[in-house]
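For reference, the structure is listed below as structure tokens.
Residue numbers (mature numbering (1 follows the signal peptide of the UniProt record, and there is no 0)): -33 to -1, 1 to 222.
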């Protein structure tokens, strides 16, 4: 009788010890914090594809229960909302301005939870947060925060070697060829031809002073009357006769 009581008491004590051990084990089970990291700032140009990077590290093996959430808070303010969710498969946004512009770009085995944002716009400016949970233990990780800044595309003018060749060689050559062709096809437009036309006239062209068969004499040319012409002829005859008388004796003396 007493032995039975002792056995039952020992059995009850053993059960209590076992329960105590189970409670201690459950209380000491590691509920760890998963580590999530991402760049603080990302700069992009409108129209580009932006990679929103996010990496995580867990102290336990990654299971099929792992889940990833991407949230967005606009730069203008407002509440954050989830636009992408991953749990075994990717759940892309079905409405809003993120529709059709988000792609899964991560790898669970590599600890990568990154996504791609296609055709970035100025409306995408804001804060993006990435949160990762790996049940049953790694579920208390702090989400990462990334500030995305999208700027308009700047117009840039870059002159290549071919462009420099066109500007400094072909363009002046083309202008010179056009000037030469214009002078050939239209001689009257040539400055040399214009100066020639101003100083030369056609034999049949009537100029000022030639109307009715009269032509004005040059300013330095003197006009002679009929009497003066007669006197000049008489003087020429006298000079010729006088010069002849003086020349003949000289010729005879030389002989």
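Note that the Cβ used here is the ideal one computed from N, Cα and C, for glycine as well. Quantities reported herein were computed from a predicted structural model and do not represent experimental measurements.
Other residues of its chain near residue 20: CB distance less than 7 Å, five sequence neighbours each side excluded: Result list for residue 20: 5, 6 and 81, in chain order.
If we count the other Cβ atoms within 10 Å of its Cβ and call it buried at 16 or more, is residue 17 buried or exposed? Residue environment analysis places residue 17 among the buried positions, since at least 16 neighbouring C-beta atoms fall within 10 angstroms of its C-beta.
Between the alpha carbons of residue 35 and residue 48, how many angstroms are there, rounded? Near 14 Å, if we compare the C-alpha coordinates of residue 48 and residue 35.
Would you report the Cα separation of residue 89 and residue 116, rounded to the nearest angstrom? Going from the Cα of residue 89 to the Cα of residue 116 covers about 8 Å.
Among the candidates 50, 143, 8 and 114, whose CA atom is the shortest distance from the CA of residue 63? Ranking the options by Cα distance to residue 63, first place goes to 50.
Residue 25 classed as buried or exposed, judged by whether at least 16 other C-beta atoms fall within 10 angstroms: Flag for residue 25 reads buried.
I'd like to know whether the C-beta atoms of residue 106 and residue 85 end up nearer to each other than 9 Å. Contact: no.
Bridge partners for residue 8 per DSSP, in chain order? The partner list for residue 8 (beta bridge, DSSP) reads 114.
Compare the beta carbon distance of residue 79 and residue 22 with 9 Å and say whether it is the shorter of the two. Yes; because the gap between Cβ atoms is below 9 Å, this pair is in contact.
Proximity to residue 108 [Cα-Cα], best of 97, 118 and 114: Of the candidates 97, 118 and 114, the one whose C-alpha sits nearest the C-alpha of residue 108 is 97.
Is the separation between the beta-carbon of residue 32 and that of residue 103 shorter than 9 Å? In contact: residue 32 and residue 103 (Cβ atoms closer than 9 Å).
With the cut-off set at 9 Å, would you say residue 114 and residue 8 are in Cβ contact? Cβ distance < 9 Å, so residue 114 and residue 8 count as in contact.
With a 10 Å radius around its C-beta and 16 neighbouring C-beta atoms as the bar for buried, classify residue 44 as buried or exposed. By the neighbour-count rule (16 or more Cβ atoms within 10 Å), residue 44 is not buried but exposed.
Give me whichever residues DSSP pairs with residue 121 in a beta bridge. Its beta-bridge partners do not exist; DSSP assigns none.
Classify residue 90 as helix, strand or coil using the three-state DSSP reduction. In this structure, residue 90 counts as helix in the three-state DSSP scheme.
Is there a C-beta anywhere in chain C that falls below 9 Å from the one on residue 11? Checking the listed chains, one finds no chain C in this structure; it contains a single protein chain.
Please classify residue 60: does DSSP put it in a helix, a strand, or coil? DSSP places residue 60 in coil when its eight states are reduced to three.
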